[in-house]
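S.K.: When we follow the working numbering, the leftmost residue of the sequence shown carries the number 19, and every step to the right adds one.
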Amino acid sequence: MRHHTFITTIVLGSSILLLGGGCGHSLLGGGGSEGVIEYTMTFPDMDPDGLMSDMLPEKTVLSFNREHQSLDLSAGMGIFRTSMVVNTSAQVLNYHMSIMGKNLVAELRRRDLITLNKTPPTFAVIQTLARDTIAGLPCKQAYLIYEGIDVPEVEVWYTEGIQMDTPNWYGPFSEIPGVLMRYEMVQHNIRMRMEATAVKMGPVDQSKFAMRADHQKVSPEVLYQQLDEVLGTFSQ
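1) Quick check: the Cα distance between E173 and G96, rounded to an integer number of angstroms?
2) On the CB-based measure, 16 or more other CB atoms within 10 Å of its CB, does M182 come out buried or exposed?
3) Have a look at V3 and L74 and give me their C-alpha separation to the nearest angstrom.
4) Give the list of continuous alpha helix (DSSP H) stretches no shorter than 4 residues that lie fully inside the region 67-148.
5) Mind reading off the beta-carbon distance from E56 to G220? Whole number of angstroms is fine, and I expect it under 8 Å.
6) Tell me, please, which residues DSSP counts as bridged to Y176.
7) Check whether the Cβ of P170 sits closer than 7 Å to any heavy atom of the ligand FMN, and report yes or no.
8) Label T177 either buried or exposed according to how many other C-beta atoms from any shown protein chain fall within 10 Å of its C-beta, with 16 as the threshold for buried.
9) Do V197 and A153 come within 8 Å of each other at the CB atom, strictly closer than that value?
10) Please go through the same chain and pick out, in chain order, the residues whose beta-carbon is closer than 8 Å to the beta-carbon of V143, but skip the five residues on each side of it.
11) For the beta strand (DSSP E) containing T184, list its first residue and its last residue.
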């Protein structure tokens, strides 16, 4: 019943959202297949005056071409860094982590990513008529509805103005056809809100998409354990 009520609300409300002033005109021409997107990161459930607030990352940067992505962030004033290097054609994600001089990398495939994402099966993806302009690109709104009745629906905004093959295959929003521009997700019990603030189209150094030579290769299980230990300190 919750799913049907929500779907009805979305269908009826879509035209209102479309006319309600949330739309905008694209500031950039779409269709680019190589460039960099910068996102701001906020943590809605974290106390902004808490002891760990200064250690949280404020932004993340996505470098991309048609078949590769590299999502990089730094936290704890550079003490903790991660880099997720995605190879879409090979269906592999190399997850790099650096913490106080310890550099680790694990090769993750689809079966490993299920453990990392820990999301329930999707019941439906609801596309609305709402439109917005985010970081100069036209974006569409969608909601993901999950099978678990106790799991809240998730709102995402995405753009089709960037040419990238199956850009979300490795994450919890694999059903979304475009590049994510505004969304929330939960990992390691931390809720994160991401919003694109700048998009720069143009050539990207191909070394961004290579496995870092100075990182020790470990199993996915070892990487998960290390991530839980480090990120657990932020959620306490």
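Where a beta carbon is used, it is the ideal one built from N, C-alpha and C, also for glycine.
Given the structure is predicted, the values throughout are model-derived calculations rather than measurements.
M.R.: With the given structure in hand:
1) Within the sequence shown, the letter at position 155 stands for residue 173. Within the sequence shown, the letter at position 78 stands for residue 96. Each residue's alpha carbon lies about 31 Å from the other.
2) Counting from one through the sequence shown, the residue named residue 182 turns up at place 164. Its Cβ being crowded by 16 or more others within 10 Å, M182 is buried.
3) The chain is shown from 19 up to 254; residue 3 falls before or after that span and cannot be answered.
4) As far as the region 67-148 is concerned, its whole alpha helix (DSSP H) runs of at least 4 residues are 128-135.
5) Along the sequence shown, one-based indexing puts residue 56 at 38. Along the sequence shown, one-based indexing puts residue 220 at 202. Not really, about 14 Å apart at Cβ, beyond 8 Å.
6) Locating residue 176 in the sequence shown gives position 158, where the first residue counts as 1. Note: Y176 sits in a beta bridge opposite K158 and L198.
7) Ligands in the displayed structure: none, and consequently the ligand FMN is not present.
8) Numbered from its first residue, the sequence shown carries residue 177 at position 159. It is buried - the Cβ of T177 has at least 16 other Cβ atoms within 10 Å.
9) As a first step, residue 153 is located in the sequence shown; it is residue number 135 there, counting from the start. As a first step, residue 197 is located in the sequence shown; it is residue number 179 there, counting from the start. Contact flag unset, no.
10) For the purposes of this step, residue 143 is taken as residue 125 along the sequence shown, with counting starting at 1. Cβ contact annotation for V143 (same chain, cutoff 8 Å, sequence separation greater than five): A160, Y161, L162, I163, E193 and I194, in chain order.
11) Numbered from 1 along the sequence shown, position 166 holds the residue referred to as residue 184. Note, T184: premise wrong, no beta strand (DSSP E); not H, not E.
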